[in-house]
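Colleague: Chains as they are written, first to last, in my numbering: chain Y, 41 to 222; chain D, 41 to 222. Below you'll find the structure I mean.
Structure representation (structure tokens):
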């Protein structure tokens, strides 16, 4: 998010034919809730266009990168790494440490989001393995709660630049205007 | 959640062949993040078994209901209705009002989560149309952030009853024990 050190989301483990919409939602959630970039590894790269299309229409900055393999991204990351997993430490316990590393030490942060069966070296490489509950649910939900807590809600007021369309909040109904006409 | 008035999540608009995993994630997110029940309307009913299976293994209480049509559920709901939509009022603006209705007036709360193209009567029937940002992203992400804010994080400490398996938070690795062996 503008003014913060970089937050990138690395999506790994995408399974073709199963995870299309899940990976799309991971990318769109990263964009909407304050991350600067999503990195789609392996077959997840197929979802790049859909996420880029939303950025074209609703604004950025937000980058979509694709990589054949996630291992070099993880290994060479110059900053802190959080891996979201139901097996990890409770988010409410570690979030303040992570926020401090991010905001005070100005470390770029890589948030790793897997599908089922994440290889063990991800657990070992991560600075924090973090559970948004220790219950099985959704990598999209975990990412959303994690980002909202990382930014302490500031992401909800993020302004998007170079949008074609802007949604104007309404008590009832839908209002979408051309950017500049707000 | 135990001790709170009921929170039920109504999933509507499920499209067969597209939304299988999304609807499953909606159900599991509802369970993990403090709702008492998910109501799967129409074709979304196909996902009931998957959600119930998780409750059997990891505990409850959490109910999964299926209905042919969502309209009677919405029309006859005895309590407040929140519809999560990118066109709605900002969650950060209306959340305290909603929390107050829920906790002080003890109103049961129905949280409506659609897929694309929600019929207009949902907007009209809802007491609040709420946007977790006014950006297009994910109904799973919106539900997760909404519940975390509704319960102000208390849902992260929820204890599940009658579980077969319990995940024990770990800094590195996975630890799953039989319930009772913690």
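Even glycine gets a Cβ: it sits at the ideal position worked out from N, Cα and C. Since we're looking at a predicted model, the values are computed, not measured.
Using a threshold of 9 Å, state whether the C-beta atoms of residue 74(D) and residue 190(D) are closer than that.
Modeller: If you number the second chain from 1, residue 74(D) lands on position 34. If you number the second chain from 1, residue 190(D) lands on position 150. Taking 9 Å as the Cβ cut-off, residue 74(D) and residue 190(D) qualify as a contacting pair.
Colleague: For residue 46(D), collect the residues of the same chain with a Cβ closer than 8 Å to its Cβ; drop the 5 residues on either side in sequence, then sort them by chain order.
Modeller: Counted from its first residue, the second chain places residue 46(D) at position 6. 76, 77, 119, 148, 149.
Colleague: Would a check of beta-carbon distances place residue 87(D) closer than 9 Å to chain Y?
Modeller: Position 47 of the second chain, counted from the start, is the residue given in the question as residue 87(D). Judged by the 9 Å Cβ criterion, residue 87(D) is not in contact with chain Y.
Colleague: Are the Cβ atoms of residue 179(Y) and residue 162(Y) separated by less than 9 Å?
Modeller: The count along the first chain starts at 1 and reaches residue 179(Y) at position 139. The count along the first chain starts at 1 and reaches residue 162(Y) at position 122. No.
Colleague: Please give me, in chain order, every unbroken run of the beta strand (DSSP E) with length at least 3 that falls completely inside the segment 60-100 of chain D.
Modeller: Here the runs fully enclosed are 77-81.
Colleague: Just confirm the distance between the C-beta atoms of residue 158(D) and residue 131(D), as a whole number of angstroms; I'd bet it's less than 8 Å.
Modeller: Reading the second chain from its first residue, position 118 is the one you call residue 158(D). Reading the second chain from its first residue, position 91 is the one you call residue 131(D). With 8 Å as the limit, residue 158(D) and residue 131(D) do not qualify as a contact, their Cβ atoms being about 17 Å apart.
Colleague: So which residues on chain D does residue 178(Y) lean against when the C-beta distance must stay under 7 Å?
Modeller: By one-based count along the first chain, residue 178(Y) stands at place 138. Going along chain D in sequence order, the residues near residue 178(Y) (Cβ under 7 Å) are 65, 68, 69, 180.
Colleague: Residues of chain Y with CB closer than 7 Å to the CB of residue 214(D), please, in chain order.
Modeller: For the purposes of this step, residue 214(D) is identified with residue 174 of the second chain, where counting begins at 1. Neighbours of residue 214(D) on chain Y, chain order: 127.
Colleague: Which of the three DSSP states is assigned to residue 149(D) in this structure?
Modeller: On the second chain, position 109 is the one that residue 149(D) refers to. DSSP places residue 149(D) in strand when its eight states are reduced to three.
Colleague: Would you list, in chain order, the members of the segment 164-175 of chain Y that have their beta-carbon closer than 7 Å to a beta-carbon of chain D?
Modeller: Of all residues in the segment 164-175 of chain Y, 164, 169, 171, 173, 174, 175 have a Cβ within less than 7 Å of some Cβ in chain D.
Colleague: Kindly say whether residue 98(D), judged by its beta-carbon, lies nearer than 9 Å to any beta-carbon of chain Y.
Modeller: Residue 98(D) sits at position 58 when you count from the first residue of the second chain. Cβ-Cβ to chain Y under 9 Å: yes for residue 98(D).
Colleague: Give me, in chain order, the residues of the same chain whose beta-carbon lies closer than 8 Å to that of residue 177(Y); leave out the 5 immediate sequence neighbours on both sides.
Modeller: One-based indexing of the first chain puts residue 177(Y) at position 137. Answer for residue 177(Y): 126, listed in chain order.
Colleague: On the DSSP letters alone, give me the boundaries of the beta strand (DSSP E) that residue 103(Y) sits inside.
Modeller: For the purposes of this step, residue 103(Y) is taken as the residue at position 63 of the first chain. Unbroken beta strand (DSSP E) run through residue 103(Y): 103-107.
Colleague: Nearest-angstrom Cα distance between residue 122(Y) and residue 143(Y)?
Modeller: If you number the first chain from 1, residue 122(Y) lands on position 82. If you number the first chain from 1, residue 143(Y) lands on position 103. Roughly 15 Å between the two C-alpha positions.
Colleague: Would you identify the three-state DSSP class for residue 113(D), choosing helix, strand or coil?
Modeller: Residue numbering aside, residue 113(D) sits at position 73 when the second chain is read from its first letter. Residue 113(D) falls in the helix class under three-state DSSP.
Colleague: Terminal residues of the continuous beta strand (DSSP E) containing residue 216(Y)?
Modeller: In the first chain, residue 216(Y) corresponds to position 176, counting from 1. Where residue 216(Y) is concerned, the enclosing beta strand (DSSP E) stretches over 216-218.
Colleague: With H, G and I counted as helix, E and B as strand and the rest as coil, what does DSSP make of residue 143(D)?
Modeller: Numbered from 1 along the second chain, position 103 holds the residue referred to as residue 143(D). Reduced to three states, the DSSP call for residue 143(D) is helix.
Colleague: Per DSSP, what are the beta-bridge partners of residue 49(Y) in this structure?
Modeller: On the first chain, position 9 is the one that residue 49(Y) refers to. DSSP, once it has assigned bridges, lists 78(Y), 151(Y) as partnering residue 49(Y).
Colleague: Is the number of C-beta pairs between the segment 88-97 of chain Y and the segment 199-217 of chain Y that are closer than 8 Å three or more?
Modeller: Yes, they touch.
Colleague: Here's the rule I'm using: 16 or more other beta-carbon atoms within 10 Å means buried, otherwise exposed. How should residue 70(Y) be labelled?
Modeller: Residue numbering aside, residue 70(Y) sits at position 30 when the first chain is read from its first letter. Under this definition residue 70(Y) is a buried residue.
Colleague: Look at the alpha carbon of residue 90(Y) and the alpha carbon of residue 194(Y), and state the distance between them as a whole number of angstroms.
Modeller: Along the first chain, read from residue 1 onward, the residue named residue 90(Y) stands at position 50. Along the first chain, read from residue 1 onward, the residue named residue 194(Y) stands at position 154. Approximately 26 Å between the Cα atoms of the pair.
Colleague: Can you check which of these residues, 59(Y), 101(Y), 67(Y), is closest to residue 43(Y) by C-alpha distance?
Modeller: If you number the first chain from 1, residue 43(Y) lands on position 3. Nearest of 59(Y), 101(Y), 67(Y) to residue 43(Y), Cα basis: 101(Y).
Colleague: In whole angstroms, give me the CA-to-CA distance for residue 145(Y) and residue 168(Y).
Modeller: Here residue 145(Y) refers to the residue found at position 105 when the first chain is read from its first residue. Here residue 168(Y) refers to the residue found at position 128 when the first chain is read from its first residue. In a straight line, the C-alpha of residue 145(Y) is about 16 Å away from that of residue 168(Y).
Colleague: Following the continuous beta strand (DSSP E) through residue 120(Y), name the residue where it begins and the one where it ends.
Modeller: One-based indexing of the first chain puts residue 120(Y) at position 80. Counting along the chain, the beta strand (DSSP E) containing residue 120(Y) begins and ends at 120-130.
Colleague: Return the Cβ separation of residue 107(Y) and residue 113(Y) in integer angstroms, given the expectation that the two are a contact with Cβ distance under 8 Å.
Modeller: For this step, residue 107(Y) is matched to residue 67 along the first chain. For this step, residue 113(Y) is matched to residue 73 along the first chain. Indeed they touch by this definition, with Cβ atoms about 6 Å apart.
Colleague: So, under 8 Å CB-CB, residue 151(D) and residue 186(D) are touching, yes? Tell me the CB distance rounded to an integer number of Å.
Modeller: Reading the second chain from its first residue, position 111 is the one you call residue 151(D). Reading the second chain from its first residue, position 146 is the one you call residue 186(D). That belief holds up - the Cβ atoms of residue 151(D) and residue 186(D) are roughly 7 Å apart, short of 8 Å.
Colleague: Would residue 144(Y) count as contacting chain D if we go by Cβ distances under 9 Å?
Modeller: The residue you call residue 144(Y) lines up with position 104 of the first chain. Residue 144(Y) does not count as touching chain D.
Colleague: Using three-state DSSP, classify residue 162(D) as helix, strand or coil.
Modeller: Translated into the one-based positions of the second chain, residue 162(D) becomes position 122. Residue 162(D): helix per DSSP, three-state reduction.
Colleague: Around the C-beta of residue 218(Y), are 16 or more other C-beta atoms found within 10 angstroms, so that it is buried, or is it exposed?
Modeller: Sequence index remark: in the first chain, residue 218(Y) carries index 178 (1-based). So residue 218(Y) counts as exposed.
Colleague: Quick check on the burial criterion: 16 or more other C-beta atoms within 10 angstroms. Buried or exposed for residue 188(D)?
Modeller: Along the second chain, one-based indexing puts residue 188(D) at 148. Per the 10 Å Cβ criterion, buried.
Colleague: Measure the CB-CB distance between residue 182(Y) and residue 124(Y) and report whether it falls below 9 Å.
Modeller: To locate residue 182(Y), count along the first chain from 1; it is residue 142. To locate residue 124(Y), count along the first chain from 1; it is residue 84. Yes, the pair counts as a contact, with Cβ atoms nearer than the cut-off.
Colleague: Does DSSP put residue 201(D) in a helix, in a strand, or in coil?
Modeller: Walking along the second chain from the start, residue 201(D) turns up at place 161. Strand, per DSSP.
Colleague: At 7 Å on the CB atoms, spell out the chain Y contacts of residue 132(D), in chain order.
Modeller: In the second chain, counting from the first residue as 1, residue 132(D) sits at position 92. Going along chain Y in sequence order, the residues near residue 132(D) (Cβ under 7 Å) are 193, 196.
Colleague: Quick check on residue 293(Y): buried or exposed, where buried means 16 or more other Cβ atoms within 10 Å of its Cβ?
Modeller: Since the first and last residues shown for chain Y are 41 and 222, residue 293(Y) lies out of range.
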